[in-house]
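Remarks on the structure that follows.
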Amino acid sequence: MAAVALRSCRRGLSHILSNGGLAALSTQRLEGVRRHKSTVQYASRPDLPKLAYRRVKGKSPGVVFLSGYGSNMNGQKAEALEEFCRSLGHAYLRFDYTGHGASDGVLSEGTIGTWKKDVLFVLDELVEGPQIMVGSSIGGWFMLLAAIARPEKTAALVGISTAADHIVTLFNSLPLETRKEFEEKGEWTLPTKHSEEGHYKFSMDFLKEAENHCVLQSPIPITCPVRLIHGLKDEDVPWHISMQVAERVLSPDVDVILRRHGQHRMSDRDDIKLMVYTIDDLIDKLTTLV
1 MAAVALRSCR RGLSHILSNG GLAALSTQRL EGVRRHKSTV QYASRPDLPK LAYRRVKGKS
61 PGVVFLSGYG SNMNGQKAEA LEEFCRSLGH AYLRFDYTGH GASDGVLSEG TIGTWKKDVL
121 FVLDELVEGP QIMVGSSIGG WFMLLAAIAR PEKTAALVGI STAADHIVTL FNSLPLETRK
181 EFEEKGEWTL PTKHSEEGHY KFSMDFLKEA ENHCVLQSPI PITCPVRLIH GLKDEDVPWH
241 ISMQVAERVL SPDVDVILRR HGQHRMSDRD DIKLMVYTID DLIDKLTTLV
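Per full-length UniProt numbering, the very first residue in the sequence shown carries number 1; after that it's consecutive.
What follows is the structure in structure tokens.
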């Protein structure tokens with residue numbers, strides 16, 4: 001059973017101060033100033049779009065950041081994590097899914113399966129050894145799918161506003177008549193404040209394909225440490241989804257961290273500090289076990 005807790009880093013500020021990592025959490029850094037930003041690289045794949053990524057080489061376990069739907073690898077959380085991993089000397093990788101950011105492809109043509117393949121490619125080809133996967137929103141769904149498919153490459157998971165199954169669950173919760181209207185139209189228009197258009201559009205084919213990747217109907221065969229951070233004020237993805245994930249994963253080491261005033265993006269300075277402290281704690285735990 002998952003423990004519901006608000007955790008502070010075991011190593012604490014003394015460790016970060018002694019390693020110069022506190023600068024990564026300063027107000028200036030969180031507002032976008034990066035002195036050692038990694039360069040964009042492109043990974044070619046046979047018969048698949050190129051993926052854009054930024055990588056910092058370093059110690060294991062490495063950290064891989066999985067962004068949200070329609071987002072990219074240049075968000076505040078992704079950049080703050082790079083600074084943090086660099087300060088500790090740990091490997092770090094962030095990238096754009098197919099059709100996102102600087103990667104090739106068209107967003108509207110992507111599927112959950114498409115983006116799952118992107119994550120598996122990154123784990124198989126671009127990083128070495130087990131990774132701590134940090135998934136934001138739909139990236140939290142992808143980290144679960146990837147951990148199931150590649151347990152040997154998964155050291156731990158950190159979900160932020162985890163949106164496991166959320167698109168499918170949300171559509172299925174609509175009144176039957178409303179669903180039929182969208183099905184006849186062939187697409188579902190979902191209002192959102194996170195898109196310039198003010199909405200997302202999902203085809204019925206996208207939703208049907210997504211059903212093949214749902215994970216919450218049965219026990220989730222993941223046994224590594226899992227941390228799930230969610231805001232109680234999240235208006236996009238209900239916090240109880242993180243609780244459902246916590247109840248279903250088989251791991252004996254699961255914490256749910258609820259932020260009373262946290263919203264969906266979880267990109268305020270204190271939210272990012274919590275994310276970093278949580279990852280620092282996991283690195284300490286994993287390296288101590290070794």
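Even glycine gets a Cβ: it sits at the ideal position worked out from N, Cα and C.
Less than 8 Å between the CB atoms is what I'm expecting for residue i and residue j, so what's the real figure, rounded?
| i | j | result |
| --- | --- | --- |
| Arg248 | Pro219 | 6 Å |
| Val245 | Leu228 | 6 Å |
| Ile138 | Glu209 | The Cβ separation is near 14 Å, so there is no contact. |
Here's the rule: buried if 16 or more other CB atoms are within 10 angstroms of the residue's CB, otherwise exposed. What is residue i?
| i | result |
| --- | --- |
| Lys116 | buried |
| Val106 | exposed |
| Gln28 | Here Gln28 scores only 41 on pLDDT, less than 50, and its place in the model should not be relied on; the value that follows carries that caveat. Gln28 comes out exposed. |
| Thr162 | buried |
| Ser79 | Correcting the residue identity first, residue 79 is Glu in this sequence and not Ser. Classification of Glu79: buried, given that the 10 Å Cβ count is 16 or more. |
| Gly89 | exposed |
| Asp124 | exposed |
| Pro49 | buried |
| His213 | buried |
| Ser195 | exposed |
| Trp188 | buried |
| Pro130 | buried |
| Tyr42 | exposed |
| Thr39 | exposed |
| Lys77 | buried |
Within the continuous beta strand (DSSP E) that includes residue i, where are the two ends?
| i | result |
| --- | --- |
| Gly198 | From DSSP, Gly198 is part of no beta strand (DSSP E); its letter is neither H nor E. |
| Thr189 | 187-191 |
Would you mind reading off the limits of the alpha helix (DSSP H) that contains residue i?
| i | result |
| --- | --- |
| Trp141 | 138-149 |
| Val158 | It is not in any alpha helix (DSSP H) - Val158 instead sits in the beta strand (DSSP E) that spans 154-160. |
| Leu170 | 166-172 |
| Leu207 | 204-211 |
Which residue's Cα is closest to the Cα of residue i: the options?
| i | options | result |
| --- | --- | --- |
| Leu157 | Tyr200, Val254, Lys59, Thr169 | Val254 |
| Asp205 | Glu109, Ile148, Asn72 | Glu109 |
| Arg259 | Asp270, Leu250, Ser251 | Asp270 |
| Leu51 | Val122, Asp236, Thr178, Glu183 | Val122 |
| Ala91 | Glu82, Tyr97, Gly99, Thr98 | Glu82 |
| Ser86 | His100, Asp124, Ser60 | The residue asked about is misnamed: residue 86 is Arg in this sequence, not Ser. Measuring from the Cα of Arg86, the nearest candidate turns out to be Ser60. |
| Leu190 | Thr114, His199, Phe182, Glu184 | His199 |
| Gly231 | Ala210, Gln76, Leu274 | Leu274 |
| Glu152 | Gly75, Ser195, Gly186, Leu120 | Leu120 |
| Pro46 | Ser71, Phe171, Arg94, Asp118 | Asp118 |
| Asp165 | Ala102, Lys180, Ser242, Tyr97 | Ser242 |
| Gly58 | Val127, Gly75, Thr98 | Val127 |
I want to check one thing, is the minimum distance from the CB of residue i to the heavy atoms of the ligand FAD below 7 Å?
| i | result |
| --- | --- |
| Gly62 | Looking for the ligand FAD in the displayed structure turns up nothing, as the structure carries no ligands at all. |
Within the region 41-121, ranges of the beta strand (DSSP E) (whole runs, at least 3 residues): Listed in chain order, the complete beta strand (DSSP E) runs (minimum 3 residues) inside the region 41-121 are 48-56, 59-66, 90-95.
Residue ranges of each beta strand (DSSP E) within the region 219-271, 3 or longer: 226-231, 254-259
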